[in-house]
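Some notes on the structure that comes next.
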Amino acid sequence: RTGTGSDALEAELLEAGADDYVEKSVDANRFMARVHAVMRRAM
427 RTGTGSDALE AELLEAGADD YVEKSVDANR FMARVHAVMR RAM
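Counting in our numbering, the sequence shown tops out at residue 469, every number present.
Following this line, the structure appears as structure tokens:
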């Protein structure tokens, strides 16, 4: 189910407990910012 870019899929994954949804070919800076945000919330 990867690489679909579907808004419905993103909503489904977030409802199932995912912290975030990252599409393929994400910008490295944006990806690291999301990782840091999840780490902050986990502490």
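Note that beta-carbon positions come from the ideal geometry of N, C-alpha and C, so glycine has one too.
Chain-order list of residues whose beta-carbon lies under 7 Å from that of residue i (same chain, five-residue window excluded)
{"i": "D446", "result": "R460, V464"}
Proximal residues to residue i (C-beta, below 6 Å), its chain only, five neighbours per side dropped
{"i": "L439", "result": "Y447"}
{"i": "M458", "result": "none"}
Residue i: first and last residue of the uninterrupted alpha helix (DSSP H) it sits in
{"i": "V461", "result": "454-468"}
{"i": "E449", "result": "Where E449 is concerned, there is no enclosing alpha helix (DSSP H), given that its DSSP letter is neither H nor E."}
{"i": "A437", "result": "433-441"}
Own chain residues within Cβ distance below 8 Å of residue i, not counting five before or after
{"i": "R467", "result": "D445"}
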